[in-house]
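Enquirer: Handing you a structure now.
Numbering (my numbering), first residue to last: 356 to 485.
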């Protein structure tokens, strides 16, 4: 697929994190950054609760979202694939599956974080202890 070339200036810390991720996944840095952007900027489809701004949710919906978790089967598969990755045993198909599961995990984690912040803002939960 053809694409546009973009030049970015990254902080040293972000660059090092991206390089570590590229090393872990045994991929090119540019490809790793492109994948990270596609994950971060990908629209979420399927669950309307994940599409609405957290601030527009009811108190009950915010509290439910504070407890959101990856489906058990997906979490177990993610763990197995991460172990295979550490052992250097991932096939290309498994690498794609791992990236997809990481995307799901990250989306849920971000939504949960947003919900926790909103719950604290509304006084529904106490702030997390430092």
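Beta carbons are placed, not taken as given, at the ideal position from N, Cα and C, and that holds for glycine. If you're wondering where the values come from, they're calculated on a predicted model, not measured in any experiment.
Below 8 Å on the Cβ atoms is my guess for residue 420 versus residue 470; work out the distance and round it to an integer in Å.
Expert: 4 Å
Enquirer: State the CB to CB distance for the pair residue 483 and residue 414, rounded to an integer number of angstroms; the pair is presumed to be in contact (CB under 8 Å).
Expert: About 19 Å; that fails the 8 Å criterion.
Enquirer: With residue 429 and residue 456 assumed to form a contact (beta carbons below 8 Å), what rounded beta-carbon distance in angstroms separates them?
Expert: 6 Å
Enquirer: Rounding to the nearest angstrom, what Cα-Cα distance links residue 433 and residue 375 in this structure?
Expert: 19 Å
Enquirer: In three-state terms, what does DSSP make of residue 361?
Expert: coil
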